[in-house]
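Following my numbering, the numbering of the sequence shown begins with -10 at its first residue and continues without gaps. Heads up, the beta-carbon is just placed ideally off N, CA and C, and yes, glycines get one too.
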Amino acid sequence: MAVTLGAAVAVAVVVVATAVLAGAVPSGVTTVAPSSARSSAPSSAGSSVWAAACGRTLPASTPGSVADPALREVSGLAASRRNPGVWWLHNDSGDSARVFAMGDDGRALGQFALTGASARDWEDIAVGPGPTPGVSYLYVGDIGDNSAARRSVVVYRVPEPAVAGPVGAPALAGVEVLTLTYPNGPRDAEALLVDPVSGALVVIAKSWSGSAEVYRAPAGLAAGSSTVLTAVGTFPLGIVTGADVTPAGDVVAVRTYGSVVLYRRPAGTAIEAAFAGTSCTGPSASEPQGEALGFLADGSGYVTVSEGTAPPVRRFAPRGVTVPTVVPTTPPTTPPTTRPSVTTTTRPRVTTTTRPSVTTTTRPRVTTTTRPKGTTTTTTRPPTGR
C-alpha cells in the first residue's frame, strides 16, 4: 500500500529508483553478466524471459492503459490461466472485495465481487493450483499491515471464473478463507506467490530497512483453516511491493518501487531457494508508486502497472506475441501531442475564413437589397428626371 514517507525514506526510495533506471544494480542483488545469461539459457519460456531480461533484449511496449475508471490504486496483477489474454487486478485498501478482469490492451472486461470476503488491505493476487486438480484458482492476499498491528492476515481462494467478454459485476461463490499468522509477530507484506508446482503459498514481507523476510504456508490448506507461517529465508531488497512466478515455476520476479529483479529457480527446489542464487535486474518503467507485477500466461515476459488514473500497461515481452490493437482509453502520455494539433490547426481556420465571409458578404446584401424594397414609389422618379 502506498504511504506517505518521511523525508529520509523518500530520498532513499528516489535514489534506488534513479539508480535502477540508470542501469545500476540494487544493493544486495547478485547479478549475472548478460553474456552468461544468453549462453546458459535452456529452451523453456521461463528460461527465455530470464535470458532476454538479463541480456537486455526484452522489448518494452505500452499496448494500452487501464480502462476501468474504478481501478485507481492497482496493487495486484496476475495473468489468467483459464482465459487467454485476460489479466486479474484489484485495488489497494479502501475498495470493496472485488477483482477486475482486464484485456491485454487494458480493456475493461468486468468486475467480480468475492462473496463473503472483506477488503481490509488487499496487496497482491496470484493464480495457481488448489483443492481440485486441473482447476486454476485465484488467491487474493489481504496481507497489508502498515502499522504492524494485525494478529493475522487472510488469503482468499476461489476458482477462477470464465470471462467471455465485457460483463457487469457478477458475484463469485465458493470463496474460501485461509487465515495466516506470522511466527514472530505482525508483519506488513505486499507480495504473494503461489507455487505452480507444489501449491505452497509464499509471502514476502515489506521492510523499510534491511532485507525482507520470506514466509511459506504448505500446499493443500483447507477452507476456513488457520495456519502459522514458517520463516524460510530473506530477500535482499526490503521494499518489496509485488512478486510473481512463471507458470512453469522456473523463474521468480520481485518488484520494488524502482526495479524488477529476476531469479532462476532450480528444479526440485522451493520458491524461496531461488533468492539464494544469482539474479538480474530486468527492464522496468518509471513507476514511483508501482506495486503490480505479473508474468504472461506463457511465461515469455511480464507486465507492470502503477497506481493512478488510467495508468499505462507496461509490457516487457517478445514482440511476436499478439496483443489486441484497440486501445480503450488515451494513455497519460498522449495529451501533450494532441493539444498542439488542436491549437495550430483549428484556430487559424476560424480566424481567416469564417469572420471575413460574415463581414464582406452579409452586410452589403442587407444594405443594397432591403431599402429599395421598402420604397415602393421611387420607381417613377427616373422617368421624371428625364
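Q) So Leu103 and Ser141 are in contact, right, with Cβ under 8 Å, and what is the actual spacing, rounded? A) Taking the sequence shown and counting its residues from 1, the one referred to as residue 103 is at position 114. Taking the sequence shown and counting its residues from 1, the one referred to as residue 141 is at position 152. Between Ser141 and Leu103 the Cβ distance is about 18 Å, and since that is not below 8 Å, they are no contact.
Q: With DSSP collapsed to three states, give me the class of Ile132.
A: Here residue 132 refers to the residue found at position 143 when the sequence shown is read from its first residue. Ile132 falls in the coil class under three-state DSSP.
Q) With 16 other CB atoms within 10 Å as the buried threshold, where does Val249 fall? A) As a working note, residue 249 is residue 260 in the sequence shown. By the neighbour-count rule (16 or more Cβ atoms within 10 Å), Val249 is buried.
Q. DSSP on Val38, reduced to helix/strand/coil?
A. Numbered from its first residue, the sequence shown carries residue 38 at position 49. Assigned with DSSP and collapsed to three states, Val38 falls in helix.
Q. Sorted by chain position, which residues of the same chain lie with C-beta nearer than 6 Å to Pro118's C-beta, five sequence neighbours on each side aside?
A. Taking the sequence shown and counting its residues from 1, one reaches residue 118 at position 129. The beta carbon of Pro118 sits closer than 6 Å to the beta carbons of Gly188 from its chain, once the five residues preceding and following it are set aside; these are given in chain order.
Q: Could you name the residues that DSSP lists as bridge partners for Phe264?
A: Your numbering for residue 264 matches position 275 in the sequence shown. Phe264 pairs with nothing; no bridge assigned.
Q. CB-CB under 7 Å to Arg139, same chain, minus the five flanking residues each way: which ones, in chain order?
A. Within the sequence shown, numbered from 1, the residue matching residue 139 stands at position 150. Cβ within range, chain order: Pro175.
Q: Would you kindly check if the distance between the Cβ of Ala262 and the Cβ of Arg253 is under 8 Å?
A: One-based indexing of the sequence shown puts residue 253 at position 264. One-based indexing of the sequence shown puts residue 262 at position 273. No, they are not a contact pair.
(Q) Need the endpoints of the beta strand (DSSP E) that Leu181 sits in, please. (A) Along the sequence shown, one-based indexing puts residue 181 at 192. If you look at Leu181, you'll find it in the beta strand (DSSP E) that goes Ala178 to Val183.
Q | Euclidean distance between Cα positions of Ala40 and Phe305 | A | For the purposes of this step, residue 40 is taken as residue 51 along the sequence shown, with counting starting at 1. For the purposes of this step, residue 305 is taken as residue 316 along the sequence shown, with counting starting at 1. Answer to the nearest angstrom: the Cα atoms are 13 Å apart.
**Q.** Neighbourhood of Ala208 by C-beta distance below 6 Å, restricted to the same chain and skipping five residues each side
**A.** Here residue 208 corresponds to residue number 219 of the sequence shown, with the count starting at 1. Cβ within range, chain order: Ser187, Gly188 and Ala189.
Q: Compute the beta-carbon to beta-carbon distance between Gly130 and Leu181, rounded to the nearest angstrom, for a pair I have assumed lies under 8 Å.
A: Position 141 of the sequence shown, counted from the start, is the residue given in the question as residue 130. Position 192 of the sequence shown, counted from the start, is the residue given in the question as residue 181. That belief holds up - the Cβ atoms of Gly130 and Leu181 are roughly 4 Å apart, short of 8 Å.
Q.
Contact defined as beta carbons within less than 8 Å: I believe Trp77 pairs with Ser64. What is the distance between those atoms, to the nearest angstrom?
A. For the purposes of this step, residue 77 is identified with residue 88 of the sequence shown, where counting begins at 1. For the purposes of this step, residue 64 is identified with residue 75 of the sequence shown, where counting begins at 1. Trp77 to Ser64, Cβ: 12 Å. No contact.
Q | Proximal residues to Ala158 (C-beta, below 8 Å), its chain only, five neighbours per side dropped | A | Mapped onto the sequence shown, residue 158 falls at position 169. Within its own chain, the residues whose Cβ lies closer than 8 Å to the Cβ of Ala158, once the five positions on either side in sequence are excluded, are Arg87, Gly99, Gln100, Phe101 and Ala102, listed in chain order.
Q: Rounded to whole angstroms, what's the CA-CA distance from Asp287 to Pro225? Just pull it up for me.
A: Translated into positions along the sequence shown, residue 287 becomes position 298. Translated into positions along the sequence shown, residue 225 becomes position 236. Looking at the two C-alpha atoms, the distance is approximately 28 Å.
Q: Using 10 angstroms around the beta-carbon of Pro122, count the other beta-carbons present and answer buried if the total reaches 16, otherwise exposed.
A: To locate residue 122, count along the sequence shown from 1; it is residue 133. The residue is exposed, with fewer than 16 neighbouring Cβ atoms inside 10 Å.
Q: Name the two residues that bound the continuous beta strand (DSSP E) containing Leu169.
A: To locate residue 169, count along the sequence shown from 1; it is residue 180. That run of the beta strand (DSSP E) goes Glu165 to Thr170.
Q) Closest Cβ-Cβ distance between Ala265 and chain C: below 8 Å? A) Checking the listed chains, one finds no chain C in this structure; it contains a single protein chain.
Q. What residue ranges within the region 210 to 256 form continuous beta strand (DSSP E) runs of no fewer than 3 residues, ordered along the chain?
A. Qualifying beta strand (DSSP E) stretches, in chain order: 215 to 217, 219 to 224, 231 to 234, 240 to 244 and 249 to 253.
Q: With Gly92 as the anchor, note down where its beta strand (DSSP E) starts and where it stops.
A: Position 103 of the sequence shown, counted from the start, is the residue given in the question as residue 92. Per DSSP, Gly92 belongs to the beta strand (DSSP E) from Arg87 to Gly92.
Q: Enumerate in chain order the residues of its own chain whose CB-to-CB distance from Pro58 is below 8 Å, with the five nearest sequence positions on each side excluded.
A: Position 69 of the sequence shown, counted from the first residue, corresponds to residue 58. Take Pro58, set aside five residues on each side of it, and the residues of its chain with a beta-carbon closer than 8 Å to its own are Thr298 and Ala299, in chain order.
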